[in-house]
Each structure stands twice: as structure tokens, then as C-alpha cells.
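Residue numbers (my numbering), protein chains in the order written: chain A, 1 to 361; chain B, 362 to 722.
Idealized CB from N, CA, C, for every residue including glycine.
Number of protein chains: 2
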Amino acid sequence: MKYGRSYNFSAGPAMMPEAVLEEIRDEMMNKDGSGMCVMEMSHRSKVFEDIIHEAEQDLRDLMGIPDNYKVLFVQGGGTLQFAMVPMNLMKNGVACYVETGTWSKKAIAEAKKYGEVKVVASSKDRNFLYIPDCSDLDIPDNADYVYICENETINGTTFNELPNTKGHILVSDQSSMFLSRPCDVSKYGLIWAGVQKNVGPAGLAIVIIREDLIREDLATYVPTYMSYKTHADAESLYNTPNCWAIYCCGKVFKYLKNLGGLEAMNQMNIDKASILYDYFEESKLFTAPVEKKDRSLMNVPFVTPSAEQDAAVVKATVAAGFDNLKGHKSVGGLRASIYNAMPKEGVEALVAFLKDYEAKL
Amino acid sequence: MKYGRSYNFSAGPAMMPEAVLEEIRDEMMNKDGSGMCVMEMSHRSKVFEDIIHEAEQDLRDLMGIPDNYKVLFVQGGGTLQFAMVPMNLMKNGVACYVETGTWSKKAIAEAKKYGEVKVVASSKDRNFLYIPDCSDLDIPDNADYVYICENETINGTTFNELPNTKGHILVSDQSSMFLSRPCDVSKYGLIWAGVQKNVGPAGLAIVIIREDLIREDLATYVPTYMSYKTHADAESLYNTPNCWAIYCCGKVFKYLKNLGGLEAMNQMNIDKASILYDYFEESKLFTAPVEKKDRSLMNVPFVTPSAEQDAAVVKATVAAGFDNLKGHKSVGGLRASIYNAMPKEGVEALVAFLKDYEAKL
Numbered sequence: 001m002k003y004g005r006s007y008n009f010s011a012g013p014a015m016m017p018e019a020v021l022e023e024i025r026d027e028m029m030n031k032d033g034s035g036m037c038v039m040e041m042s043h044r045s046k047v048f049e050d051i052i053h054e055a056e057q058d059l060r061d062l063m064g065i066p067d068n069y070k071v072l073f074v075q076g077g078g079t080l081q082f083a084m085v086p087m088n089l090m091k092n093g094v095a096c097y098v099e100t101g102t103w104s105k106k107a108i109a110e111a112k113k114y115g116e117v118k119v120v121a122s123s124k125d126r127n128f129l130y131i132p133d134c135s136d137l138d139i140p141d142n143a144d145y146v147y148i149c150e151n152e153t154i155n156g157t158t159f160n161e162l163p164n165t166k167g168h169i170l171v172s173d174q175s176s177m178f179l180s181r182p183c184d185v186s187k188y189g190l191i192w193a194g195v196q197k198n199v200g201p202a203g204l205a206i207v208i209i210r211e212d213l214i215r216e217d218l219a220t221y222v223p224t225y226m227s228y229k230t231h232a233d234a235e236s237l238y239n240t241p242n243c244w245a246i247y248c249c250g251k252v253f254k255y256l257k258n259l260g261g262l263e264a265m266n267q268m269n270i271d272k273a274s275i276l277y278d279y280f281e282e283s284k285l286f287t288a289p290v291e292k293k294d295r296s297l298m299n300v301p302f303v304t305p306s307a308e309q310d311a312a313v314v315k316a317t318v319a320a321g322f323d324n325l326k327g328h329k330s331v332g333g334l335r336a337s338i339y340n341a342m343p344k345e346g347v348e349a350l351v352a353f354l355k356d357y358e359a360k361l
Numbered sequence: 362m363k364y365g366r367s368y369n370f371s372a373g374p375a376m377m378p379e380a381v382l383e384e385i386r387d388e389m390m391n392k393d394g395s396g397m398c399v400m401e402m403s404h405r406s407k408v409f410e411d412i413i414h415e416a417e418q419d420l421r422d423l424m425g426i427p428d429n430y431k432v433l434f435v436q437g438g439g440t441l442q443f444a445m446v447p448m449n450l451m452k453n454g455v456a457c458y459v460e461t462g463t464w465s466k467k468a469i470a471e472a473k474k475y476g477e478v479k480v481v482a483s484s485k486d487r488n489f490l491y492i493p494d495c496s497d498l499d500i501p502d503n504a505d506y507v508y509i510c511e512n513e514t515i516n517g518t519t520f521n522e523l524p525n526t527k528g529h530i531l532v533s534d535q536s537s538m539f540l541s542r543p544c545d546v547s548k549y550g551l552i553w554a555g556v557q558k559n560v561g562p563a564g565l566a567i568v569i570i571r572e573d574l575i576r577e578d579l580a581t582y583v584p585t586y587m588s589y590k591t592h593a594d595a596e597s598l599y600n601t602p603n604c605w606a607i608y609c610c611g612k613v614f615k616y617l618k619n620l621g622g623l624e625a626m627n628q629m630n631i632d633k634a635s636i637l638y639d640y641f642e643e644s645k646l647f648t649a650p651v652e653k654k655d656r657s658l659m660n661v662p663f664v665t666p667s668a669e670q671d672a673a674v675v676k677a678t679v680a681a682g683f684d685n686l687k688g689h690k691s692v693g694g695l696r697a698s699i700y701n702a703m704p705k706e707g708v709e710a711l712v713a714f715l716k717d718y719e720a721k722l
């Protein structure tokens with residue numbers, strides 16, 4: 001790769017498009033004749049206001065976000081969202097969660113601080129290697145929302161069909177699949193995503209929330225920063241936001257629009273993931289453990305018959321210049337995270353390497 | 362200036378050292394042969410761990426931070442710290458605040474959600490244009506801490522002597538003066554600073570906290586992200602931090618060390634601020650409204666005899682290529698924020714311009 005760059009299969013932070021990085025580099029000393037780097041700009045200046053407004057508009061265009069949804073740029077990542085969601089949306093104090101792995105478990109644990117949590121479906125029985133049937137969930141009438149982690153980064157599963165919430169609000173953590181495929185926002189009450197997996201640098205979560213869910217009557221202990229209303233009323237400029245991340249994400253939004261939008265991106269992601277999954281079907285050494293219908297196009301776990309062999313393969317990939325293929329410590333094995341910015345050539349090179357490795361055994 | 366860069370007097374985000382920006386630009390496509398931009402690195406990777414550890418060590422060296430203090434890198438800025446401080450430190454539910462302007466008022470309002478707040482001194486009577494006498498404050502025995510905003514960005518005041526806390530813990534918001542002068546950390550229980558004024562890009566607060574103040578027994582409603590213990594136990598890597606800002610701040614720490622550390626920086630800041638304050642002493646048009654002994658070296662407000670004339674001067678400075686000299690809307694007038702990274706030449710050029718403007722009236 002150009003600049004001696006490597007194919008980086010990290011689960012996040014992860015690769016960004018090379019063309020975007022080049023633009024950012026070229027604007028470092030003086031962005032568009034402003035006389036400043038974006039890191040130096042007042043967040044109240046006209047030049048930065050243009051950046052944030054353009055980023056929001058491009059995101060709205062990409063996802064087709066309806067007018068009755070607000071887009072918020074919030075710091076604190078998923079960990080803060082795990083608390084913000086129940087703090088803001090638990091009106092009746094009851095919420096339903098679908099448990100599909102580490103990230104939904106973390107969300108559940110945090111939500112329990114703020115109300116009653118009902119786990120309405122789980123794939124725990126088979127190590128979270130599938131998405132449970134969510135077509136007929138037992139949802140209490142007074143449930144405030146149904147929460148899913150739409151793509152579990154660690155286990156490599158994804159919802160290809162949304163749960164039947166029976167009229168209740170759907171909340172989704174889209175962190176590791178945000179902008180990877182078209183999304184009908186109107187089906188959700190709230191979508192949030194940490195951007196550091198599929199969009200830009202860490203330190204920013206994007207929240208897309210239906211306006212009528214933004215409440216004023218929160219518990220008195222809710223910090224000002226953690227009220228969605230604080231950010232919505234001030235158009236994400238109540239305090240100084242992560243201006244740099246907003247700027248970088250804005251560049252990625254434009255890059256995706258130029259590629260042809262989310263339909264085109266989805267097709268590329270299907271193509272890339274197929275190269276890996278197809279090989280694992282035919283391989284005698286590697287297996288993709290996730291149930292076929294629920295396989296993620298973003299995070300592709302795979303295993304050999306033993307932990308020792310897994311470790312040997314990881315070592316060989318590192319020596320060959322492929323980064324971050326070791327599976328998460330909680331599940332072991334290997335995992336190739338192939339987000340939007342991973343080039344097809346990177347996946348092809350990895351599969352060629354793995355085939356060669358297998359042939360030489 | 363090089364690259365057509367402008368002298369930017371913004372109160373924050375604000376100028377960064379040009380040499381630092383050049384380094385960042387040059388490492389954009391491939392940081393030190395890692396094959397990645399820092400924005401693309403896993404926060405669990407060896408290469409990023411080196412970055413965060415080196416940044417912390419350089420900060421410890423610069424400030425002489427004692428071993429029994431933790432350094433935390435937290436997202437959410439001052440707004441989240443306004444809540445985190447009382448949530449974590451109000452053991453008895455009583456805290457004392459010194460009211461010196463907008464930022465201490467915001468801290469007070471947020472702290473009131475979590476306990477009893479006693480305003481033990483205030484400069485409200487004279488529009489916050491001075492620092493109140495804090496040598497003999499009426500501090501209740503059970504007060505958990507005494508809180509100050511050590512430099513009020515908007516009003517341009519600074520504490521040149523710390524309050525006598527009578528043995529109670531001192532908490533300081535150092536955002537707009539962080540690393541501008543030597544600091545005896547051992548006098549504080551907790552120091553926090555949003556880095557976007559005097560160090561790096563927005564989206565990061567640095568918290569320096571004495572270890573024995575880190576508590577486990579917090580109220581159950583405290584979000585995981587908002588417990589200092591969460592960040593301390595995981596060395597700021599409980600979740601994905603703002604890696605980019607940590608990297609950029611680390612570069613600035615090194616830059617300051619190479620300049621000669623905080624003693625040297627302080628002397629430069631005194632020199633720069635004197636150029637402005639000395640001129641305002643002799644000027645017939647401009648006045649620096651803050652009481653002499655309490656004047657900030659970082660934020661220098663100044664006024665003409667009328668709001669109309671203030672506006673005319675602001676307009677003229679913009680036309681002449683000086684950015685962000687308009688005073689905060691809550692106080693009017695003009696304000697030159699001259700943080701560490703503002704070159705002396707920038708201050709000299711501004712004073713030359715103002716002298717010329719005055720001469721031509």
C-alpha cells in the first residue's frame with residue numbers, strides 16, 4: 001500500500017479511507033484559507049459552524065434521516081450512551097433488552113441502575129453465535145423501549161431483520177455497522193453509534209433521536225451533559241464538542257456520498273465479506289463459527305481446531321504485515337474486522353495468505 | 362506567518378504550536394512506521410499504549426506530579442467535570458465554591474444537583490473584575506472540598522494566590538491556564554482542565570486526582586463513565602479514549618519540555634501579556650478593566666469608552682486579519698486570548714495595530 005500503510009483489521013479504532021487522510025493532512029496548517037487548523041478553530045466561529053452543519057446535512061442525505069429526527073454529536077462514547085439511553089428514555093422505568101454479546105451485556109448492566117430491565121431474548125445458550133428470534137417477544141405494555149446492539153463486534157453477529165417491537169420504541173447501538181448499509185431511520189426511536197469503528201477517530205458518538213423522545217422532565221441527578229435535550233437545543237454546541245472528530249467524520253460522509261451512498265457501500269461490503277466467508281466454507285483449517293444467516297459483514301471471526309493453532313496463525317499474520325487479527329480475549333480465535341474503509345485488496349491479500357498458510361501445513 | 366496562518370486570539374479552541382502541527386501533518390499517513398495514522402490505531406495496541414504512557418509521563422515531568430496522584434484522560438469536557446467533581450467528591454454532601462464568573466457559576470449550578478453548595482466568596486459585586494480575598498473563608502468543618510476556577514476565561518481574572526482552604530481539599534478548574542506557569546500539584550486534591558484552550562484539540566479533559574480521593578462507594582445513579590475510579594483503574598483505557606487528542610497533547614507536552622518547561626513558558630507568558638497591559642496603561646482609547654493584581658496572562662479583556670466603539674475596533678481587527686478579538690457576549694468589549702501557543706510576534710502585531718488605530722482617530 002501507498003505510504004507503507006498496512007492492512008489493519010482492528011475492531012476499532014480502525015482504518016479510514018486513505019483519500020480522506022490525505023485531505024486532512026493537506027488542510028492541517030491552514031483549512032481553506034481560514035488561517036487555522038480545524039483543531040484551532042473556535043467552535044462558535046462561522047468556519048466551524050459550516051463544518052458541523054455540512055457534516056450533519058451529509059449524514060442526513062446518506063441515511064435519509066427524516067426531519068423529525070435530531071442528529072447529535074456527543075462525547076463519551078458507548079459507555080456514556082449506555083447510561084444516557086435509560087436516563088433519558090426510561091419514563092415508566094421499564095426497558096427490554098436483547099442480549100447478543102458483550103456490548104449488549106454492558107448496556108444491560110448500566111441500564112439496571114436506572115430502572116427495571118427485562119432481557120426479552122438472548123443467544124447466551126450458544127455463546128452468542130447467532131441472533132435470537134425476535135419476531136414475537138414478550139414485551140410488557142409499559143416498556144419504554146426495546147434495545148438491541150445491531151452488530152456485535154466481538155461475536156461477529158448482525159441483525160438482518162429488526163425485532164418486532166409491537167409498537168414500542170426501538171433503540172439501536174449501530175457502532176460497528178454504522179453507515180455500512182442502508183438504514184430506514186423511521187423504524188427506530190433512537191440510533192447511536194461510536195464513530196471509531198466505521199467512520200472516524202474515537203471520541204465521538206452520533207445520536208439520531210426522534211424529536212418527541214427528547215424530554216425535559218429528567219431525574220434531578222441527570223448531569224446537564226447527559227440530557228439529550230441539552231445537545232438538541234444547542235445543536236451539539238452547548239459546550240465545545242469534539243470538533244476534530246466532527247470534521248473528520250464529515251469528510252468520510254462526503255467520501256461515502258461520492259462512492260454512491262449506502263447502497264453502493266453495502267454492495268462493496270457484501271463482496272468483501274464473501275471473499276472471507278466463501279473461503280472458510282471450503283477451508284479444512286478454518287471455520288466461521290457464526291450461524292450463516294446472522295453473519296456480520298463487518299466483523300468476521302474464524303477459528304482453527306485448537307487455541308494453539310489459532311495463536312500460531314495470529315503470529316504468522318503479524319509477521320506477514322497484517323495487523324490486529326487476534327480475536328477478542330473473551331472469545332479467542334481470530335477476527336478480521338473489515339469496515340467500510342478496508343479495501344477489497346486487503347481482504348484478498350489476507351485470504352491469499354491464509355490459503356497459502358493452509359496449503360503449507 | 363508561514364502557510365498564510367493568522368494570529369488567532371480565540372478563547373478556545375485556540376492556536377497550537379506550528380511546529381507541533383507540522384509533525385502531526387507529517388505523521389498523518391503512517392505514524393513512525395506503524396503503517397497507520399494515529400486515528401486508525403487500536404487503543405489496545407502497543408503503539409498506542411506507548412503514546413498514552415509517554416504523554417502521561419511527559420505531563421508528570423512538566424508539572425512535577427507526585428506519585429500519589431493519578432492522571433486521567435476523560436471525554437466530555439468541563440460540562441461533564443462540573444458533575445463528576447461533586448458526584449465523586451461530595452462524601453458529606455457539602456462543598457464550598459468561590460464564584461468568580463461564568464465558569465464557576467456553571468460549576469455551582471451543576472454541583473447543586475448533588476449536595477449543598479456554599480458560595481464562600483464572590484466577586485459578583487463588581488462584575489467579576491477581581492478575585493475575592495480568600496485568606497479567611499468561612500468553611501464548614503464537614504465541607505468536602507473548596508472549588509475554584511483558577512483562571513476565568515471570560516472575565517480575564519486569575520488566582521495568583523490559592524485560597525486558604527483551612528485543611529480542606531482544593532479542587533481547581535485550570536482549563537484556561539493549564540501548563541501556563543509552574544504549579545505545585547501537592548496543594549490540590551484535584552485539578553482538571555479541558556485541553557482545548559492551552560494544549561490541544563477539544564474533546565479531552567485531563568484530571569489530576571490524589572489517589573485517596575478516588576472512591577468506590579458512589580451513589581448508584583452515577584454512570585460508570587463518570588466514576589473517577591473507572592478511569593483510574595483502567596489507566597484511562599476503560600473504553601476507547603479520545604486517542605487523537607491524547608496524541609496531540611503529548612506532542613505539546615514534549616514541545617513545552619523542549620522550550621524549557623513551565624518556568625520558561627511562564628516567563629514568555631509574562632512578557633507577552635505585559636506588551637498588552639503596558640499599552641493599555643498608556644492608551645487614551647483602551648482600558649483593561651480587571652484589577653491589576655488579578656489580571657490573567659492568558660485572557661486579556663479590554664474596552665473603549667463605548668459599545669459602539671468596541672464594535673468598530675473589532676471590525677477593524679477582523680479586516681486587518683486578527684481573528685476572534687470580540688469579547689464574550691456576556692461581558693462585551695474585546696478580549697485577546699494569548700495562550701502558550703500565541704507567538705510574541707502576534708501580540709506585538711496586535712499592539713502595533715491598536716496603536717496605529719488609536720493614532721488615526
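Got a sec? Which residues, its chain only, sit under 6 Å from residue i by beta carbon, not counting five neighbours each side?
i, result
"residue 190(A)", "171 and 209"
"residue 165(A)", "146"
"residue 575(B)", "589, 590 and 593"
Evaluate residue i with the Cβ neighbour count: other Cβ atoms within 10 Å of its Cβ, from every protein chain shown; 16 or more gives buried, anything less gives exposed.
i, result
"residue 199(A)", "buried"
"residue 231(A)", "buried"
"residue 40(A)", "buried"
"residue 484(B)", "buried"
"residue 581(B)", "exposed"
"residue 460(B)", "buried"
"residue 654(B)", "exposed"
"residue 144(A)", "buried"
"residue 429(B)", "exposed"
"residue 631(B)", "exposed"
"residue 81(A)", "buried"
Take residue i as the anchor and find which of the options has the nearest alpha-carbon.
i, options, result
"residue 306(A)", "283(A), 299(A), 66(A) and 332(A)", "332(A)"
"residue 24(A)", "130(A), 252(A) and 118(A)", "252(A)"
"residue 503(B)", "511(B), 530(B), 519(B) and 522(B)", "530(B)"
"residue 722(B)", "690(B), 367(B), 691(B) and 665(B)", "665(B)"
"residue 712(B)", "608(B), 686(B), 626(B) and 594(B)", "686(B)"
"residue 462(B)", "406(B), 443(B) and 513(B)", "513(B)"
"residue 383(B)", "432(B), 366(B), 515(B) and 582(B)", "366(B)"
"residue 408(B)", "323(A), 340(A) and 249(A)", "323(A)"
"residue 316(A)", "288(A), 335(A), 330(A) and 353(A)", "353(A)"
"residue 588(B)", "444(B), 627(B) and 522(B)", "444(B)"
Look up residue i in the DSSP assignment and give the residues it is bridged to.
i, result
"residue 337(A)", "299(A)"
"residue 482(B)", "459(B)"
"residue 369(B)", "684(B)"
"residue 210(A)", "69(A)"
"residue 519(B)", "512(B)"
"residue 648(B)", "664(B)"
"residue 477(B)", "455(B)"
"residue 205(A)", "74(A) and 194(A)"
Spatial neighbours of residue i within its chain, please: C-beta separation below 7 Å, excluding the five flanking residues on both sides.
i, result
"residue 404(B)", "598, 601, 602 and 604"
"residue 520(B)", "492, 509 and 511"
"residue 417(B)", "432"
"residue 261(A)", "62"
Residues in the same chain with beta-carbon distance under 8 Å from residue i, minus the five sequence neighbours each way, listed in chain order, please.
i, result
"residue 358(A)", "283, 284, 285 and 286"
Starting from residue i and walking both ways along the beta strand (DSSP E), at which residues does that stretch end?
i, result
"residue 510(B)", "507 to 510"
"residue 555(B)", "551 to 555"
Starting from residue i, trace the alpha helix (DSSP H) both ways and give me its first and last residue.
i, result
"residue 170(A)", "Element bounds for residue 170(A): not the alpha helix (DSSP H) but the beta strand (DSSP E), 170 to 173."
"residue 166(A)", "Here residue 166(A) belongs to no alpha helix (DSSP H), and DSSP marks it neither H nor E."
"residue 391(B)", "Careful: residue 391(B) lies outside any alpha helix (DSSP H) and carries neither H nor E."
"residue 503(B)", "No alpha helix (DSSP H) contains residue 503(B), which DSSP labels as neither H nor E."
"residue 63(A)", "46 to 63"
"residue 269(A)", "261 to 282"
"residue 396(B)", "Note, residue 396(B): premise wrong, no alpha helix (DSSP H); not H, not E."
"residue 490(B)", "First-last for residue 490(B): undefined, no H or E at that position."
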